[in-house]
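Asks: This is the structure I want to talk about, given as structure tokens.
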Amino acid sequence: MDTTATNNSKRTRIGIGGWTFEPWRNCFYPAGLAHSKELHYASRQLSAIEVNGTYYSTFKPPT
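By the count of my numbering, the sequence shown reaches residue 60 at its end, each step adding exactly one.
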């Protein structure tokens, strides 16, 4: 019996709800890391990052 799908559905993902947090600089993020590199760095440390853009407004179709 192939249990691949079953095993994958039970994985726990650890993540954050955003990545631009000033208090995390020089703590979670290495000293001197450029702000533009924070998402890349965080994505290598965690298995999920929430981008909750729809919380603030709905996306509109292109005009």
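Every residue gets a Cβ at the ideal spot worked out from N, C-alpha and C, and that includes glycine.
1. To the nearest angstrom, how far is it from the Cα of Ala45 to the Cα of Gly29?
2. If you run the structure through DSSP and keep just helix, strand and coil, what is Ala45?
3. What does a CB cutoff of less than 8 angstroms around Glu47 pick up in its chain, not counting 5 residues either side in sequence?
Replies: From the atom records:
1. 24 angstroms
2. strand
3. Gly12, Ile13, Gly14 and Gly15
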